[in-house]
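K.L.:
So the sequence shown is numbered by my numbering: it starts at 70 and just counts up by one.
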Amino acid sequence: MKTTTTSKTAKLHPGPERGETMNGAEILVASLEREGVEVIFAYPGGASMPIHQALTRSKIIRTILPRHEQGGVFAAGGYGRATGKAGVCMATSGPGATNLVTGIADAYMDSIPLVAITGQVPQEMIGRGAFQETDFFGMTLPVVKHSYLVMDIHEIPRVVKEAFHIAQTGRPGPVVIDVPKNIQNQTAQPIFPPDLTLRGYDLPPHADPVALNEVIGLIKSAHRPMIYAGGGIISSHAAGELLEFAERTQIPVATTLMGIGGFPEDHPLSLKWLGMHGTVYANCAVNESDLLLALGVRFDDRVTGKVEKFAEHGTIVHIDIDFSELNKNKVVRLPIHSDIKYALTELNRLLSEGGYERHSSKFTLHGKWFNQVQQWKERYPLDFQDTEDLIQPQYVVRLLNDMTKGDAIITTGVGQHQMWAGQYYQFKEPRQFLTSAGLGAMGFGFPAALGAKVAHPDRQVIDIDGDGSFLMNVQELACAHIEGIGAKVIILNNQHLGMVVQWEDRFYNSNRGHTFLGDPRDRARIYPDYVQLCTGFGVPCERVVHKKDLRAALQRMLDSDECYVLDIMVPYTEHVLPMIPAGKTYRDIIIDERHGKFEG
70 MKTTTTSKTA KLHPGPERGE TMNGAEILVA SLEREGVEVI FAYPGGASMP
120 IHQALTRSKI IRTILPRHEQ GGVFAAGGYG RATGKAGVCM ATSGPGATNL
170 VTGIADAYMD SIPLVAITGQ VPQEMIGRGA FQETDFFGMT LPVVKHSYLV
220 MDIHEIPRVV KEAFHIAQTG RPGPVVIDVP KNIQNQTAQP IFPPDLTLRG
270 YDLPPHADPV ALNEVIGLIK SAHRPMIYAG GGIISSHAAG ELLEFAERTQ
320 IPVATTLMGI GGFPEDHPLS LKWLGMHGTV YANCAVNESD LLLALGVRFD
370 DRVTGKVEKF AEHGTIVHID IDFSELNKNK VVRLPIHSDI KYALTELNRL
420 LSEGGYERHS SKFTLHGKWF NQVQQWKERY PLDFQDTEDL IQPQYVVRLL
470 NDMTKGDAII TTGVGQHQMW AGQYYQFKEP RQFLTSAGLG AMGFGFPAAL
520 GAKVAHPDRQ VIDIDGDGSF LMNVQELACA HIEGIGAKVI ILNNQHLGMV
570 VQWEDRFYNS NRGHTFLGDP RDRARIYPDY VQLCTGFGVP CERVVHKKDL
620 RAALQRMLDS DECYVLDIMV PYTEHVLPMI PAGKTYRDII IDERHGKFEG
């Protein structure tokens, strides 16, 4: 099948007139402008210098200089997650390009639209082991949706148009454009294609009407139905359709980590999210359901645990835009290949025609089941043992939620703080929780916050981070200060690699395998000193040790118009609970000792 589209941005960003001679770098920049690119995170080097020179002459694209290529690609990923549009980053050949790989893999795992441009050594040097040469095209093949090595200057406009179309449509993902330096320097009269035809790139599929009618029949006969919603809801802009579907069917909703925000967590049908550190009640409801509607998910191991035991009592319907995900990790009763927004729109139409009215507060269709879910909520709430002076990390997140009224965009690194952010902040809308979920890349949180803040300069953007994750891209404080990007940072500082410590405590008799991040010669010393470090970067920072000082410090951070860091000292002994050990089932869940042993 052919896919044909007409550029919606050509009228806004016409670029140079046809017939004007330009070099390859200028053609590339003009092509980016025509795709509506407003910002690029780019670190220069020998093989990308011509493109940077062209960018200096662009009146449309803002070029932001990260202080490390990984910071740049994570910032582009944060921009893509916050907007749904492709984030754009660029690096030079060799080490510059290889520093992008982690961020590209992150975008691939989480289905995030991203276009990564790399300079390459001249064509005649490719394959000869030239200075700073790597086969970036081959190196990234397993972690991209598509990739290009441009060998003809006349192909640049088409390649760029295709790259953005591929990155942003269907199941989104990263696309690499590798451009040899001699191509950047050559000159030509570009022709910018108004339309796009891609052989073999299918349009988003539409669900079979027979299958959708079967879903309605399954809903009518179910006694314990559940919705398990993932990142596909957000990627397809289907949050409104999901809300309507849940309210018409009166079926409770549990999301994945990537699906957070796809369903408002203050809604009575919300069970927040499920999985290894998800709520007890979400895990119970999904696994005890007799009908599980899996919408835009991939049955990730961190959700399913022991996959053959996951939701083993129920009929499973799986709707996904990616055919390869159907019956991949979990064989289901009814797999449906479809764009989830289309499928939900049609299901809502069928429900409306069948007399299913919307209800936002009173749920009687599955009254006995709804009451059972409520009992689980009351029996096993998200909770923690608070203290009088010591600052518990859960308390920080809960207080931040109250002070921001749940309206901030939250990014995270990876570890305990990531789970606490997901648990104790109440997310109400899509693209509000930005985290490296599939790849689990430490160092993601702060540069992602910079990308999100560039995309939404009028919103509070806050990175909830750990001291281990934050330090991995701490150099981006310079980018934030110089570029005037007012993203905020909360470091939940326990001087340890907290999540690894938790596993050491649970499964390795608390034997410490190089997980202490402080100074072993002086354990009472807080190391590194983030207050001094941030001061060196010109970024305000304050350390908070006592609970009584926390609210005022948070308010100063929120009131600031510039990048601001709070270094909050928390105990390393605190564990993220609940927890389902890897490869186990929801019946093996570890909960807060105060709630007793899990009884199901």
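In this text, a Cβ means the ideal position worked out from N, Cα and C, and glycines have one as well.
In terms of DSSP beta bridges, what is K557 paired with?
P.N.:
Taking the sequence shown and counting its residues from 1, one reaches residue 557 at position 488. Per DSSP, I531 and Y633.
K.L.:
L361 lies in the beta strand (DSSP E); which residues open and close that run?
P.N.:
Start at 1 with the first residue of the sequence shown, and residue 361 comes out as number 292. Start and end: L360 to L364.
K.L.:
List the endpoints of the continuous beta strand (DSSP E) containing R367.
P.N.:
For the purposes of this step, residue 367 is taken as residue 298 along the sequence shown, with counting starting at 1. Taken as a continuous stretch (DSSP letters only), R367 belongs to no beta strand (DSSP E), as it is neither H nor E.
K.L.:
If G141 and Y112 are in contact, beta carbons under 8 angstroms, what's the gap, nearest whole angstrom?
P.N.:
The residue labelled residue 141 in the question sits at position 72 within the sequence shown. The residue labelled residue 112 in the question sits at position 43 within the sequence shown. Indeed, because the Cβ distance is near 6 angstroms, the residues count as touching under 8 angstroms.
K.L.:
Just verifying my parser: in three-state terms, what is the DSSP assignment at D391?
P.N.:
By 1-based counting over the sequence shown, the position of residue 391 is 322. DSSP places D391 in coil when its eight states are reduced to three.
K.L.:
So, under 8 angstroms CB-CB, D532 and N563 are touching, yes? Tell me the CB distance rounded to an integer number of Å.
P.N.:
As a working mapping, residue 532 is identified with position 463 in the sequence shown. As a working mapping, residue 563 is identified with position 494 in the sequence shown. That pair is no contact at about 17 angstroms.
K.L.:
Could you pull the start and end residues of the alpha helix (DSSP H) that K522 belongs to?
P.N.:
The count along the sequence shown starts at 1 and reaches residue 522 at position 453. Looking at the DSSP string, the run of the alpha helix (DSSP H) that includes K522 is G514 to A524.
K.L.:
Between the C-alpha atoms of T72 and Y270, what's the straight-line distance to the nearest angstrom?
P.N.:
Locating residue 72 in the sequence shown gives position 3, counting from the first residue. Locating residue 270 in the sequence shown gives position 201, counting from the first residue. Annotation note: pLDDT 45 at T72 (below 50); position unreliable, coordinate value reported separately. Rounded to the nearest angstrom, the two C-alpha atoms are 6 angstroms apart.
K.L.:
Would the region 596 to 604 and the region 513 to 520 be scored as touching if the rule is three or more Cβ pairs under 8 angstroms?
P.N.:
no
K.L.:
Which residue marks the beginning of the alpha helix (DSSP H) containing Q304, and which one marks its end?
P.N.:
To locate residue 304, count along the sequence shown from 1; it is residue 235. A small correction: the amino acid at residue 304 is Ser; Gln does not occupy that position in the sequence shown. First-last of the alpha helix (DSSP H) with S304: G300 to S304.
K.L.:
Beta carbon of I385, beta carbon of K397: below 8 angstroms?
P.N.:
In the sequence shown, residue 385 corresponds to position 316, counting from 1. In the sequence shown, residue 397 corresponds to position 328, counting from 1. No; because the gap between Cβ atoms is not below 8 angstroms, this pair is not in contact.
K.L.:
Which ranges would you report for the alpha helix (DSSP H) in the region 596 to 651 if only whole runs of at least 4 residues count?
P.N.:
599 to 606 and 619 to 628
K.L.:
In three-state terms, what does DSSP make of G147?
P.N.:
Along the sequence shown, one-based indexing puts residue 147 at 78. In the three-state DSSP reduction, G147 falls in the helix class (H, G or I).
K.L.:
In whole angstroms, what separates the C-alpha of R612 from that of I637?
P.N.:
Looking up residue 612 in the sequence shown gives position 543. Looking up residue 637 in the sequence shown gives position 568. Going by the C-alpha atoms only, they are around 6 angstroms apart.
K.L.:
Could you name the residues of the same chain whose beta carbon sits closer than 6 angstroms to that of L420, not counting the 5 residues immediately before and after it, in chain order?
P.N.:
Position 351 of the sequence shown, counting from 1, holds the residue named residue 420. So the list reads R317, once near-sequence residues are dropped.
K.L.:
Quick one: grab the DSSP three-state call for N562.
P.N.:
Working through the sequence shown from its first residue, we reach residue 562 at position 493. DSSP places N562 in strand when its eight states are reduced to three.
K.L.:
Would the beta-carbon of A145 fall within 8 angstroms of that of L183?
P.N.:
The residue given as residue 145 occupies position 76 in the sequence shown. The residue given as residue 183 occupies position 114 in the sequence shown. Contact: yes.
K.L.:
Would you list the one or two residues that DSSP bridges to S339?
P.N.:
The residue labelled residue 339 in the question sits at position 270 within the sequence shown. Partner(s): V322.
K.L.:
Once DSSP output is grouped into helix, strand and coil, what is the label at Q495?
P.N.:
Translated into positions along the sequence shown, residue 495 becomes position 426. In this structure, DSSP gives Q495 a state outside helix and strand, which the three-state scheme calls coil.
K.L.:
Could I get the ranges of all uninterrupted alpha helix (DSSP H) runs contained in the region 424 to 453, with 4 residues as the minimum, in chain order?
P.N.:
436 to 448
K.L.:
Suppose the cutoff is 6 angstroms on Cβ atoms and the five residues either side in sequence are ignored; what does the same chain contact list for D247 look like?
P.N.:
In the sequence shown, counting from the first residue as 1, residue 247 sits at position 178. The answer, listed in chain order, is T187, Q189, F205, F206 and L218.
K.L.:
Per the contact definition of three or more C-beta pairs closer than 8 angstroms, is the region 400 to 417 in contact with the region 285 to 304?
P.N.:
yes
K.L.:
With three or more C-beta pairs closer than 8 angstroms as the rule, is the region 545 to 554 touching the region 565 to 575?
P.N.:
These segments do not touch.
K.L.:
Roughly how many angstroms lie between the CA atoms of V570 and G172, to the nearest whole one?
P.N.:
By 1-based counting over the sequence shown, the position of residue 570 is 501. By 1-based counting over the sequence shown, the position of residue 172 is 103. Each residue's alpha carbon lies about 26 angstroms from the other.
K.L.:
Quick check: what's the CA-CA separation for V245 versus M159?
P.N.:
The residue labelled residue 245 in the question sits at position 176 within the sequence shown. The residue labelled residue 159 in the question sits at position 90 within the sequence shown. Answer to the nearest angstrom: the Cα atoms are 10 angstroms apart.
K.L.:
Could you tell me which residues DSSP pairs with C158 in its beta bridges?
P.N.:
Position 89 of the sequence shown, counted from the start, is the residue given in the question as residue 158. Bridge partners of C158: F110 and A185.
K.L.:
I need the straight-line Cα distance from L623 to L540, nearest angstrom please.
P.N.:
The sequence position of residue 623 within the sequence shown is 554, counting from 1. The sequence position of residue 540 within the sequence shown is 471, counting from 1. If you take the alpha carbons of L623 and L540, they lie about 21 angstroms apart.
K.L.:
For K431, which residues from the same chain have a beta carbon less than 7 angstroms from its beta carbon, with the 5 sequence-adjacent residues on both sides left out?
P.N.:
Start at 1 with the first residue of the sequence shown, and residue 431 comes out as number 362. Excluding five sequence positions before and after K431, none of the CB atoms of its chain fall closer than 7 angstroms to its own CB.
K.L.:
From the DSSP output, in three-state form, read off L403 for me.
P.N.:
By one-based count along the sequence shown, residue 403 stands at place 334. In this structure, L403 counts as strand in the three-state DSSP scheme.
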